[in-house]
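Quick notes on the structure that follows.
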Amino acid sequence: MKGNVMTSTQEAKHGSAKAHQLSDNMLRSFFIDELKDVYDAEKQMLKALPKMKKAATSPELQAAFEDHLTVTEKQAQRLEKAFELLEEKVTAKKCEAMAGLIEEGESIIDDTEKGTATRDVGLILAAQKVEHYEIASYGGLAQLARTLGEDEVAGLLEETLEEEKDTDEALTEIAENDVNYDAADEEDEG
Ligand SMILES: [Fe+2]
Ligand SMILES: [Fe+2]
């Protein structure tokens, strides 16, 4: 009795087996598309991070950007591995969101003075927006991979997710321990 109730509830929730299979295929295509998007996002960051490091003044912040560049290289490789596991061609599809976030970071560099802690504050803010975008992307994609039964791929995405969270925390620490206070003492000469 109880088993029957469970079954009909599940059917009501997830549809028939056939519909389930169809939606799995659609979901798989969607998932692959999103992987291409996040792969492009990482590629964009590989180009942006050296510029962010160059624009930064605080040695801690420069080191954080340098570290994240190394981590990002590994993340891109992890995505290549994911494509391989899924037997899909490694492809990047332009991530407009990341392009927008990077553009915002560039305008922060344009609008602030070189060698100021205020610029560092702006760079941290821009970088944290990127990390949060990545956290949302990898969190959702890892869940989708589990739903699709692609546990090895999910594991790879979860590894990257943890790295993005660590980076976000490291940036918060740099802001809270140094850069924000230094910036608060800076006079506006503009
Ligand atoms: Fe990343
Ligand atoms: Fe990141």
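According to my numbering, the sequence shown is numbered sequentially starting from 8.
Each residue gets a CB set at the ideal place from its N, CA and C atoms; glycine is no exception.
Which word fits residue i, buried or exposed, when buried means at least 16 other C-beta atoms lie within 10 angstroms of its C-beta?
i	result
residue 151	buried
residue 24	Low confidence applies here, because residue 24 scores a pLDDT of 48, under 50, leaving its location unreliable; read the following figure in that light. Answer is exposed; the Cβ neighbour count stays below 16.
residue 182	buried
residue 89	buried
residue 53	exposed
residue 143	exposed
residue 9	For residue 9, the predicted structure reports a pLDDT of 42, less than 50, and the residue's modelled location is therefore unreliable. A value from the coordinates is still provided. Exposed.
residue 36	exposed
residue 49	buried
For ligand 1, I want to know if residue i counts as a neighbour, meaning its beta carbon is within less than 7 Å of at least one of the ligand's heavy atoms.
i	result
residue 82	yes
residue 171	yes
residue 167	yes
Under 7 Å: does the beta carbon of residue i sit that close to some heavy atom of ligand 2?
i	result
residue 33	no
residue 59	no
residue 137	yes
residue 52	yes
Rounded to the nearest angstrom, how far is the Cβ of residue i from that of residue j, given a contact under 8 Å?
i	j	result
residue 102	residue 44	5 Å
residue 123	residue 193	6 Å
residue 186	residue 131	6 Å
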